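Student:
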Amino acid sequence: MSKDSEPSSGLPDSKKRRRTKGNVIYANFRGSRKMNNAKNFLAGMAAAKAASPVDELHQPLAKFVMEAVEQEADPGRFVRGMDYSRTGHVLPSLRFDNSAVHAYVTGSQNEPFETTIIFPRRSPDEIAQLIEILAARPMLLHEGTIDGEILGIVAAYETYDMRYSCTCPDFFNACKHVVAVAHQLALILDADPNKIFEIRGIDLTELERAVSSSVAQLSKRRAVESSERFWEGGPLPDLPTPRKALAIQDGDDTYLHQAFREISYSAIDEMRAVSDLEDLYYALGDSGDDTQ
1 MSKDSEPSSG LPDSKKRRRT KGNVIYANFR GSRKMNNAKN FLAGMAAAKA
51 ASPVDELHQP LAKFVMEAVE QEADPGRFVR GMDYSRTGHV LPSLRFDNSA
101 VHAYVTGSQN EPFETTIIFP RRSPDEIAQL IEILAARPML LHEGTIDGEI
151 LGIVAAYETY DMRYSCTCPD FFNACKHVVA VAHQLALILD ADPNKIFEIR
201 GIDLTELERA VSSSVAQLSK RRAVESSERF WEGGPLPDLP TPRKALAIQD
251 GDDTYLHQAF REISYSAIDE MRAVSDLEDL YYALGDSGDD TQ
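Residue numbering for the sequence shown follows the UniProt record's numbering, starting at 1 and increasing by one per position.
#1: Considering only the beta carbon of each residue, do residue 182 and residue 65 sit closer than 8 Å?
#2: Short of 7 Å in beta carbon distance, which residues of its chain neighbour residue 57, apart from the five on each side in sequence? Order them along the chain.
#3: Compute the Euclidean distance between the alpha carbons of residue 269 and residue 284, then round it to the nearest angstrom.
#4: Compute the Euclidean distance between the alpha carbons of residue 68 and residue 144, then round it to the nearest angstrom.
#5: Excluding the 5 residues preceding and the 5 following residue 165 in the sequence, name in chain order all residues of the same chain whose CB lies nearer than 6 Å to its CB.
#6: Would you call residue 59 buried or exposed, if buried means 16 or more other Cβ atoms sit within 10 Å of its Cβ?
#7: I'd like to know whether the C-beta atoms of residue 175 and residue 77 end up nearer to each other than 8 Å.
#8: With a Cβ-Cβ cutoff of 8 Å, do residue 119 and residue 177 count as a contact?
#9: By alpha-carbon positions, which one of 107, 198 and 122 ends up nearest to residue 167?
#10: Which one or two residues does DSSP pair with residue 97 in a beta bridge?
#11: Kindly list the residues whose CB is nearer than 6 Å to the CB of residue 188, restricted to its own chain and excluding five residues on each side of it in sequence; keep chain order.
#12: Residues in its own chain within less than 8 Å of residue 212 by CB, not counting five upstream and five downstream?
#13: Can you check the UniProt domain "SWIM-type" (151 to 186) for any alpha helix (DSSP H) of at least 4 residues that lies completely inside it and give the ranges in chain order?
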């Protein structure tokens, strides 16, 4: 066997003969490195999935906050961030200001890091749209659930619309401190979804007053429209054009067969009598001016 030949593929890795040239042995570690990287990645994904609290949350708004940060953080940062949140590294004084949530997270350094979660800006027109939606369904504020179009307005339409910042030296978009604060925020919103209005700087009492006023105006407008329709009426629908058909075609001939069975000597006589009667119906229908 040539000393430059390839090793036999049937031998175990530890016993394969490596390519040699002179006193130099060639070995390819690239394949095993790729395999290890893939295994590490899959293990990290599994750990992140196990650490995710999404299934433990009930409110769509809270789930949205966690799903947004979970998509931004890599598995390692997400797992470490969840551990930070669950072991009390997030100081309890979360502050809501101008569509942002500010918090401090303790770490290995003496001073805690300041972490911010920022919701996308909303225009006055979008707030007016929110009031209009709530006016059509005024009980939504008291049902304790924020989802659908309302969630899109008060939180974000897409998870990638959320923004994050942290004073730690990790320049990754969603560091472990961001993950920890997002989890604490999700727990707050899961307990009380209406906290999102406080984050947005919307006074809930003023919002309820605006919704009540809008409901009254909407009810008055509908009453006027209903009254006008009642007194003025509207166009009548077109007259129906029923399909023309003989009774023998649309009717049930079960009782007809029973009647002829009583006066027939055999089933053949019964069938012949029914057939003759059908012929008579068709003959009557074909005669005249087609007004049957």
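The C-beta atom is built at its ideal place from N, Cα and C for all residues, glycine as well.
Since this is a predicted model, take the numbers as computed values, not measurements.
Tutor: In this structure, then:
#1: Residue numbering aside, residue 182 sits at position 182 when the sequence shown is read from its first letter. Residue numbering aside, residue 65 sits at position 65 when the sequence shown is read from its first letter. Yes, Cβ-Cβ distance for residue 182 and residue 65 is below 8 Å.
#2: Working through the sequence shown from its first residue, we reach residue 57 at position 57. For residue 57, where only same-chain residues beyond five positions count, the Cβ hits under 7 Å are 63, 66, 186 and 190.
#3: Against the sequence shown, residue 269 aligns to sequence position 269. Against the sequence shown, residue 284 aligns to sequence position 284. Rounded to the nearest whole angstrom, the CA to CA distance from residue 269 to residue 284 is 23 Å.
#4: Position 68 of the sequence shown, counted from the start, is the residue given in the question as residue 68. Position 144 of the sequence shown, counted from the start, is the residue given in the question as residue 144. Within the model, the alpha-carbon separation for residue 68 versus residue 144 is close to 21 Å.
#5: On the sequence shown, position 165 is the one that residue 165 refers to. Hits under 6 Å: 116.
#6: The residue labelled residue 59 in the question sits at position 59 within the sequence shown. Buried: at least 16 other Cβ atoms inside 10 Å.
#7: What you label residue 175 is simply residue 175 of the sequence shown in a count that begins at 1. What you label residue 77 is simply residue 77 of the sequence shown in a count that begins at 1. Going by C-beta atoms, residue 175 is nearer than 8 Å to residue 77.
#8: Locating residue 119 in the sequence shown gives position 119, where the first residue counts as 1. Locating residue 177 in the sequence shown gives position 177, where the first residue counts as 1. Between residue 119 and residue 177, the C-beta spacing is not below 8 Å.
#9: In the sequence shown, residue 167 corresponds to position 167, counting from 1. Minimum Cα-Cα distance from residue 167 among the listed residues 107, 198 and 122 corresponds to 107.
#10: Reading the sequence shown from its first residue, position 97 is the one you call residue 97. Partner residues in the beta bridge of residue 97, as assigned by DSSP, are 100.
#11: Walking along the sequence shown from the start, residue 188 turns up at place 188. Closer than 6 Å at the Cβ level, and outside the excluded window around residue 188, lie 195.
#12: The residue you call residue 212 lines up with position 212 of the sequence shown. Non-local beta-carbon contacts of residue 212 in its own chain, meaning distances under 8 Å to residues more than five positions away in sequence, involve 138 in chain order.
#13: Those alpha helix (DSSP H) runs which fall completely within the UniProt domain "SWIM-type" (151 to 186) and span 4+ residues do not exist here.
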